[in-house]
Amino acid sequence: MNSTQFIVSTDLDGTLLDHHSYDYTPALTAIQALTKLHIPIIVNTSKSQAEVASIVNELRLRPSIYIVENGSGLVLPNEYVRRLSSESLKGIEKRIMGDETCLVFGRERQDVTDFLYGLRAEKAWQFSGYSDWSLQQIMELTGLDESKARQSSHKAFSEPFIWQDSEAKLTELRQTCLEAGFNLVKGGRFYHLQGQCDKSTPLQFIKENVNELFPEKSDIKIIALGDNHNDIAMLNYSDYPICIKSPVNDFPNLNTQQPTLYSDEYGPAGWRQKIECLLNNLSLLES
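In this note's numbering, the protein residues as written are 5 to 291.
In structure tokens form, the structure reads like this:
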């Protein structure tokens, strides 16, 4: 099978990055193998655009295509956006950011926070989120240094928060959000409120427009890697789902007909293990 048929969609925290240290070093050999095979690696995460851009540049992932805030935005180099027809872009907001453009699938963060904290005031539910916290508190809750915590605070489409009330009230919150056109997503550290999209939404857009975005590919097969509940939609949508072992959560419960790989190792070590295993199974890895 030709390696140019594939793209990789990967979560970050707990998957490509260690859950506690955010280290990606154990995955580097597998990243290099994918790069050599010209298989694009698309980061697909709850993180903000500023956070992901920094990591993508640090890892030198090219082309620089990534998905932010649980599917709320697809960031493409401007040259890739120019390949898309007006029909493909119909109804999609574009935000130009220097050499990149974000295609928006989510809701404005202000809409999200107005709704969420309005509910808190109305219902007296117990929770706190990014809008409540100081930079120091974000650092303590995430384990990020000051620079990365500042990047994390610059969400555009979502609000992370910690639920401190009952399961019954959480169920009520989830239903209320759904009825109002919002999606409540559970991540590794926080709940995230956002628009009605998920990590599979931009992948569907890429697949539907593959001939424009990647003229060299007649079709694509998606290899997806994740470790948590907010990765389920992405993993279910993929052709090759890979669940990465988490030190804090069970494997996500998938609903897919595709054979699923489960790593024995945690985070980036498991990422390397299962990418190399899959490439070998697909006869793409040189012996």
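A virtual CB, placed ideally from N, CA and C, is assigned to each residue, including glycine.
Query	Result
For Ile-69 and Gly-133, I'd like the C-alpha separation in whole angstroms.	28 angstroms
So what does DSSP say about Gln-53, is it helix, strand or coil?	helix
Sort Leu-63, Val-108 and Lys-190 by Cα distance to Leu-80 and report the nearest one.	Val-108
Once you ignore the five residues that flank Lys-211 on each side, which residues in its own chain have a CB closer than 8 angstroms to its CB?	Ile-224 and Ile-226
Restricting to Cα atoms, I'd like to know which of Thr-146, Ile-11, Thr-49 and Ser-89 is closest to Glu-216.	Ser-89
Taking DSSP as the reference, what is the three-state secondary structure of Asn-215?	helix
Which residues share a DSSP beta bridge with Phe-10?	Lys-225
Are the CB atoms of Ser-52 and Ser-170 within a distance shorter than 7 angstroms?	no
Could you check whether the stretch 181-201 touches the stretch 59-69, counting it as contact only if at least three pairs of C-beta atoms, one from each stretch, sit closer than 8 angstroms?	no
Quick check on the DSSP output: the alpha helix (DSSP H) that includes Gly-77 runs from which residue to which?	Premise fails: Gly-77 lies in the beta strand (DSSP E), 77-81, not in any alpha helix (DSSP H).
Determine the burial state of Ala-184: buried for a count of at least 16 other Cβ atoms within 10 Å of its Cβ, exposed for fewer.	exposed
How big is the Cα-Cα spacing for Asn-284 and His-233?	28 angstroms
Which first and last residues belong to the beta strand (DSSP E) in which Thr-33 is found?	Per DSSP, Thr-33 belongs to no beta strand (DSSP E); it is in the alpha helix (DSSP H), 32-40.
Judging by CA-CA distance, which residue of Thr-33, Asn-187, Gly-230 and Gln-168 is the nearest neighbour of Phe-119?	Asn-187
According to DSSP, which residues form a beta bridge with Trp-167?	Phe-131
Taking Glu-97 as part of the beta strand (DSSP E), name the residues at either end of that continuous run.	97-101
With DSSP collapsed to three states, give me the class of Ser-157.	helix
In the structure shown, what three-state DSSP assignment does Pro-245 receive?	strand
With a threshold of 8 angstroms on Cβ separation, who are the neighbours of Met-143 within its own chain once the five nearest residues in sequence on each side are excluded?	Asp-149, Glu-150 and Ala-153
Please look up how many angstroms separate the CB atoms of Cys-201 and Gly-95, rounded, as I've assumed it's under 8 angstroms.	Not really, about 13 angstroms apart at Cβ, beyond 8 angstroms.
Anyone know if the C-beta pair for Gly-18 and Gly-271 falls short of 7 angstroms?	yes
By a C-beta neighbour count over all protein chains shown, 10 Å radius and 16 as the cutoff for buried, is Val-116 buried or exposed?	buried
Here's the rule I'm using: 16 or more other beta-carbon atoms within 10 Å means buried, otherwise exposed. How should His-23 be labelled?	buried
Answer with buried or exposed for Leu-21, where buried requires no fewer than 16 other C-beta atoms within 10 angstroms of its C-beta.	buried
Quick check: what's the CA-CA separation for Ser-291 versus Cys-281?	The pLDDT assigned to Ser-291 is 48, lower than 50, so where the model puts this residue is not dependable; a value taken from the coordinates is nonetheless given after this. Approximately 12 angstroms between the Cα atoms of the pair.
Let me confirm a value: Leu-32 is counted as buried when at least 16 other C-beta atoms fall within 10 Å, else exposed. Which label applies?	exposed
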